[in-house]
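A.B. asks: Protein sequences appear in the order of chains A and B.
Per our numbering, the first sequence starts with residue 24, numbered consecutively.
Per our numbering, the second sequence starts with residue 24, numbered consecutively.
We treat Cβ as the ideally placed atom computed from N, Cα and C, and that holds for glycine.
Protein chains: 2
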Amino acid sequence: MKIVFLGTGGSWPSPERNVSAIAVKRNAEVLLFDCGEGTQRQLMHSTVSFMQISKIFITHFHGDHFLGLAGLIQSMSMNKRDSPLEIYGPDGCEILIESMTNLGHYSTTYPIVARDVKPGDIIEFEDYKVRVAEAQHTVPALMYSLEENSRPGKFDKPKALELGIPEGKFFSQLQQGKTIEHDGKTFTPDMVLGSPRPGRKIVYTGDTKPCDAIVELAKDCDVLIHDSTTALDLQEKSNSYGHSSSAQAAQAAKDAAAVKLFLTHISPRYDETEQMLADAIAIFENSEVAEDFTEYEVKYKNGEI
Amino acid sequence: MKIVFLGTGGSWPSPERNVSAIAVKRNAEVLLFDCGEGTQRQLMHSTVSFMQISKIFITHFHGDHFLGLAGLIQSMSMNKRDSPLEIYGPDGCEILIESMTNLGHYSTTYPIVARDVKPGDIIEFEDYKVRVAEAQHTVPALMYSLEENSRPGKFDKPKALELGIPEGKFFSQLQQGKTIEHDGKTFTPDMVLGSPRPGRKIVYTGDTKPCDAIVELAKDCDVLIHDSTTALDLQEKSNSYGHSSSAQAAQAAKDAAAVKLFLTHISPRYDETEQMLADAIAIFENSEVAEDFTEYEVKYKNGEI
């Protein structure tokens with residue numbers, strides 16, 4: 024599972040940073056979190072194919088987080104997409120997508136399924152879920168946690184052979200969690216499988232000032248992607264606009280025992296981010312300022328990829 | 024008067040070309056023709072300040088020509104603009120701008136004056152006008168001709184002195200076209216001014232297949248900016264989608280006796296434009312393929328800037 028930052032700037036684009044968008048490549052699919060103006064072109068400059076996007080999650084309806092939807096949706100049509108596109112967002116998402124796809128002369132070649140979600144929702148997919156929590160911003164805003172389901176424990180082959188189970192289909196059935204019968208005996212998966220191995224977890228706060236819900240949502244996550252609009256120098260101002268400083272992001276990462284912190288939504292007022300990063304590292308060492316096109320491979324906690 | 028190309032690609036953006044937008048810098052103001060997604064960021068990479076834009080002219084409501092409006096309008100607000108912004112476009116412009124500015128949480132700090140215009144309209148400004156004509160595209164589409172008013176003829180100082188007019192305020196009054204009385208005699212401006220000198224003229228076709236209205240609108244223009252979606256190889260396909268080949272653009276420039284031709288709205292299928300340019304030059308020598316950030320100083324026909 025790989026995170027590709029497509030836009031790491033706050034409020035409006037700068038020559039260095041486009042507005043918010045983060046892609047997560049997972050197996051054959053791409054999930055997109057936020058979609059500021061110009062995201063489709065950022066995708067074209069990146070290693071992610073915009074045609075692979077299956078689901079989009081919007082944190083809130085400030086322009087720098089969603090205005091790229093219309094162009095992206097349209098370009099997918101012009102490139103003859105036929106598979107459905109799911110779009111999730113706060114209250115009003117469905118109506119907004121309807122309005123956006125009715126701007127100008129325009130029709131889609133594929134179904135768009137837009138859905139309003141609310142804090143507390145858990146959106147279940149085949150082998151992962153997306154948990155929704157409430158951010159503290161100036162308008163209704165959501166945070167998302169992408170959580171992979173646990174994988175079955177490791178298969179203990181010597182143990183299975185010792186128990187007299189022959190190699191072959193029985194092994195794979197047990198690995199899939201099925202109970203088997205052989206030679207009049209019953210073998211259950213727990214006899215040959217280690218404990219289930221936890222999936223990976225990525226949490227994205229969108230725009231928010233500090234709040235307890237962040238720490239709760241991000242508990243033990245592998246990556247926390249956190250609003251870091253300013254450095255400590257402008258923390259008070261940042262909070263008054265419903266944003267966080269990098270130090271506050273780092274405190275959340277520390278309190279949640281996250282593995283890695285990415286700082287994003289950097290205000291265009293910052294030409295350089297050294298101080299912002301230093302403020303964060305003083306609190307949580309594994310902090311990094313996301314740049315446009317930064318890529319990060321999310322490992323399992325045991326080091327596997 | 025300077026033309027700055029901000030987006031020269033057709034349909035969807037490519038790494039090399041953003042979608043349609045052309046800025047014209049004229050004295051202290053900037054006019055923008057079309058505003059595809061990402062135009063605000065292109066402006067930030069260019070020599071044009073997005074806060075100087077006073078008027079925007081949209082040719083038609085295909086996404087690649089107008090989806091950048093919402094973000095641009097919003098960023099102007101965040102940068103505390105207070106002067107009005109005028110937006111002109113085909114039928115439905117006013118409603119569309121209303122819809123766009125109602126997407127998400129959003130308010131403007133300045134008045135937006137949106138106005139539907141139609142073929143045949145002449146929009147008069149202080150010292151120039153914009154003439155509107157009908158393009159031949161797949162949806163209602165307009166072409167625009169920016170025409171500066173004529174400047175007064177050159178002041179003939181020796182002649183004025185010979186006539187006995189004293190230097191000073193009388194000179195400037197005559198230059199401003201006023202009749203004066205001196206020493207009991209009446210002096211009219213035509214006695215000391217040469218013939219009026221024509222202003223400059225820029226014509227932008229937007230998306231269109233060839234039609235007589237282009238040649239009529241572009242008659243004797245200084246710059247024709249013409250749809251050139253394809254080279255000759257795909258001319259038929261281009262026309263069937265309401266677009267032109269570079270050769271057809273060149274024929275229009277020749278028939279209109281234009282001074283200079285810029286080819287734009289280049290299809291993303293073309294990695295290189297050598298053949299496209301060669302097709303045009305074979306018909307009209309002063310042809311150039313516009314690139315993103317190409318700048319062109321529009322001279323008066325007598326060579327003055």
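With 7 Å as the limit, tell me which residues of the stretch 133-165 of chain A have their beta carbon closer than that to any beta carbon of chain B; keep them in chain order.
C.D. replies: Result list: 162.
A.B. asks: Using a threshold of 7 Å, state whether the C-beta atoms of residue 60 of chain B and residue 217 of chain A are closer than that.
C.D. replies: As a working note, residue 60 of chain B is residue 37 in the second sequence. As a working note, residue 217 of chain A is residue 194 in the first sequence. Going by C-beta atoms, residue 60 of chain B is not nearer than 7 Å to residue 217 of chain A.
A.B. asks: Can you list, in chain order, the residues of its chain with a C-beta nearer than 6 Å to that of residue 15 of chain B? Leave out the 5 residues immediately preceding and following it.
C.D. replies: Shown here, chain B extends from 24 to 328; a query on residue 15 of chain B therefore has no answer.
A.B. asks: Taking the alpha-carbon positions, what's the residue 75 of chain B to residue 45 of chain B distance?
C.D. replies: Translated into positions along the second sequence, residue 75 of chain B becomes position 52. Translated into positions along the second sequence, residue 45 of chain B becomes position 22. Taking the straight line joining both Cα atoms gives about 14 Å.
A.B. asks: Name the chain B residues that come within less than 7 Å of residue 64 of chain A, Cβ to Cβ?
C.D. replies: Counting from 1 along the first sequence, the entry for residue 64 of chain A is found at position 41. Correct list: 36, 41, 61.
A.B. asks: Is the Cβ of residue 90 of chain B closer than 7 Å to any Cβ of chain A?
C.D. replies: Taking the second sequence and counting its residues from 1, one reaches residue 90 of chain B at position 67. Yes - at least one Cβ of chain A is within 7 Å of the one on residue 90 of chain B.
A.B. asks: Measure the alpha-carbon distance for residue 302 of chain B versus residue 86 of chain B and round it to whole angstroms.
C.D. replies: Indexing the second sequence from 1 puts residue 302 of chain B at position 279. Indexing the second sequence from 1 puts residue 86 of chain B at position 63. Those two C-alpha atoms are separated by around 29 Å.
A.B. asks: Going straight from the alpha carbon of residue 249 of chain A to that of residue 327 of chain A, what length do you get?
C.D. replies: Residue mapping note: residue 249 of chain A aligns to position 226 of the first sequence, counting from 1. Residue mapping note: residue 327 of chain A aligns to position 304 of the first sequence, counting from 1. Going from the Cα of residue 249 of chain A to the Cα of residue 327 of chain A covers about 25 Å.
A.B. asks: Grab me the residues of residue 144 of chain B's own chain with a C-beta within less than 8 Å of its C-beta, minus the 5 sequence neighbours each way, in chain order.
C.D. replies: The residue labelled residue 144 of chain B in the question sits at position 121 within the second sequence. Cβ within range, chain order: 154, 155.
A.B. asks: Taking DSSP as the reference, what is the three-state secondary structure of residue 213 of chain A?
C.D. replies: To locate residue 213 of chain A, count along the first sequence from 1; it is residue 190. Helix.
A.B. asks: Under the three-state reduction of DSSP, which class applies to residue 148 of chain A: helix, strand or coil?
C.D. replies: For this step, residue 148 of chain A is matched to residue 125 along the first sequence. In the structure shown, residue 148 of chain A sits in coil (DSSP, three-state: anything other than H, G, I, E or B).
A.B. asks: Consult DSSP for residue 238 of chain A and reduce its assignment to one of helix, strand or coil.
C.D. replies: Working through the first sequence from its first residue, we reach residue 238 of chain A at position 215. The answer is helix: DSSP assigns residue 238 of chain A an H, G or I state.
A.B. asks: If you draw a straight line from the C-alpha of residue 180 of chain B to the C-alpha of residue 325 of chain B, how long is it?
C.D. replies: As a position in the second sequence, residue 180 of chain B is number 157, starting the count at 1. As a position in the second sequence, residue 325 of chain B is number 302, starting the count at 1. Straight-line Cα distance between these residues: approximately 20 Å.
A.B. asks: Find the residues of chain B that neighbour residue 98 of chain A, judging by a C-beta separation of less than 7 Å, and give them in chain order.
C.D. replies: Taking the first residue of the first sequence as position 1, residue 98 of chain A is located at position 75. Here the neighbours are 35.
A.B. asks: Answer yes or no: does any C-beta atom of chain B fall closer than 7 Å to that of residue 68 of chain A?
C.D. replies: Looking up residue 68 of chain A in the first sequence gives position 45. So, interface residue.
A.B. asks: At 3 residues or longer, what runs of the beta strand (DSSP E) sit wholly inside the stretch 253-326 of chain B?
C.D. replies: Entirely contained in the stretch 253-326 of chain B, the beta strand (DSSP E) runs reaching 3 residues are, in chain order, 283-287, 310-312, 318-320.
A.B. asks: Could you tell me if the beta carbon of residue 122 of chain B falls within a distance shorter than 6 Å of some heavy atom in the ligand NAD?
C.D. replies: This structure lacks the ligand NAD, and indeed carries no ligand of any kind.
A.B. asks: Considering only the beta carbon of each residue, do residue 300 of chain A and residue 251 of chain A sit closer than 7 Å?
C.D. replies: Stepping through the first sequence from its first residue, residue 300 of chain A is reached at position 277. Stepping through the first sequence from its first residue, residue 251 of chain A is reached at position 228. Taking 7 Å as the Cβ cut-off, residue 300 of chain A and residue 251 of chain A do not qualify as a contacting pair.
A.B. asks: Helix, strand or coil for residue 69 of chain A, going by three-state DSSP, please let me know.
C.D. replies: The residue you call residue 69 of chain A lines up with position 46 of the first sequence. In this structure, residue 69 of chain A counts as coil in the three-state DSSP scheme.
A.B. asks: For the alpha helix (DSSP H) that residue 114 of chain B lies in, which residues bound it at each end?
C.D. replies: Taking the second sequence and counting its residues from 1, the one referred to as residue 114 of chain B is at position 91. Looking at the DSSP string, residue 114 of chain B is not in any alpha helix (DSSP H), and its letter there is neither H nor E.
A.B. asks: Does any residue of chain B have a CB that is nearer than 7 Å to the CB of residue 28 of chain A?
C.D. replies: Residue numbering aside, residue 28 of chain A sits at position 5 when the first sequence is read from its first letter. It does not: the Cβ of residue 28 of chain A has no partner Cβ on chain B nearer than 7 Å.
A.B. asks: Counting only beta-carbon separations shorter than 7 Å, does residue 86 of chain A have a partner in chain B?
C.D. replies: The residue labelled residue 86 of chain A in the question sits at position 63 within the first sequence. Yes, contact with chain B.
A.B. asks: Is residue 270 of chain A close to chain B? Criterion is C-beta to C-beta, closer than 7 Å.
C.D. replies: The residue given as residue 270 of chain A occupies position 247 in the first sequence. No - not a single Cβ of chain B is within 7 Å of the one on residue 270 of chain A.
A.B. asks: Just tell me which of B:177, B:206, B:241 has its CA closest to the CA of residue 214 of chain B.
C.D. replies: As a first step, residue 214 of chain B is located in the second sequence; it is residue number 191 there, counting from the start. Considering only alpha carbons, the answer is B:177.
A.B. asks: My guess is that residue 84 of chain A and residue 162 of chain A are in contact by the Cβ rule of under 8 Å, so how many angstroms apart are they, rounded?
C.D. replies: For this step, residue 84 of chain A is matched to residue 61 along the first sequence. For this step, residue 162 of chain A is matched to residue 139 along the first sequence. Right, the Cβ-Cβ distance comes to about 7 Å (below 8 Å), so this counts as a contact.
A.B. asks: Can you tell me whether DSSP reads residue 250 of chain B as helix, strand or coil?
C.D. replies: By one-based count along the second sequence, residue 250 of chain B stands at place 227. Here residue 250 of chain B sits in strand by DSSP.
A.B. asks: Can you list the residues of chain B that residue 126 of chain A reaches, using a CB-CB cut of under 7 Å?
C.D. replies: To locate residue 126 of chain A, count along the first sequence from 1; it is residue 103. Under the 7 Å cutoff, chain B gives 119, 122, 123.
A.B. asks: Check whether chain A comes within 7 Å of residue 94 of chain B, counting only Cβ atoms and requiring the distance to be less than that.
C.D. replies: Indexing the second sequence from 1 puts residue 94 of chain B at position 71. Output row for residue 94 of chain B: interface = yes.
A.B. asks: Going straight from the alpha carbon of residue 122 of chain A to that of residue 132 of chain A, what length do you get?
C.D. replies: Looking up residue 122 of chain A in the first sequence gives position 99. Looking up residue 132 of chain A in the first sequence gives position 109. Whole-angstrom Cα-Cα distance: 17 Å.
A.B. asks: With 7 Å as the threshold, decide whether the Cβ of residue 214 of chain B is near any Cβ in chain A.
C.D. replies: Along the second sequence, read from residue 1 onward, the residue named residue 214 of chain B stands at position 191. Output row for residue 214 of chain B: interface = no.
A.B. asks: Could you tell me whether the Cβ atoms of residue 82 of chain B and residue 169 of chain B are closer together than 7 Å?
C.D. replies: Taking the first residue of the second sequence as position 1, residue 82 of chain B is located at position 59. Taking the first residue of the second sequence as position 1, residue 169 of chain B is located at position 146. Cβ distance not < 7 Å, so residue 82 of chain B and residue 169 of chain B don't count as in contact.
A.B. asks: Give the single residue among B:208, B:174, B:171 whose Cα lies nearest to the Cα of residue 188 of chain B.
C.D. replies: In the second sequence, counting from the first residue as 1, residue 188 of chain B sits at position 165. It is B:208.
A.B. asks: Quick check on residue 343 of chain A - is its C-beta less than 7 Å from some C-beta in chain B?
C.D. replies: The first residue shown for chain A is 24 and the last is 328, placing residue 343 of chain A beyond what the model contains.
A.B. asks: Do the CB positions of residue 306 of chain B and residue 270 of chain B come within less than 7 Å of each other?
C.D. replies: On the second sequence, residue 306 of chain B is found 283 positions in, with the first residue counted as 1. On the second sequence, residue 270 of chain B is found 247 positions in, with the first residue counted as 1. Going by C-beta atoms, residue 306 of chain B is nearer than 7 Å to residue 270 of chain B.
A.B. asks: Mind checking whether residue 77 of chain B and residue 117 of chain B have CB atoms under 7 Å apart?
C.D. replies: The residue you call residue 77 of chain B lines up with position 54 of the second sequence. The residue you call residue 117 of chain B lines up with position 94 of the second sequence. Not closer than 7 Å, so no.
A.B. asks: Express the C-alpha separation of residue 225 of chain A and residue 247 of chain A in angstroms, rounding to a whole number.
C.D. replies: By 1-based counting over the first sequence, the position of residue 247 of chain A is 224. By 1-based counting over the first sequence, the position of residue 225 of chain A is 202. Each residue's Cα considered, the two are about 6 Å apart.
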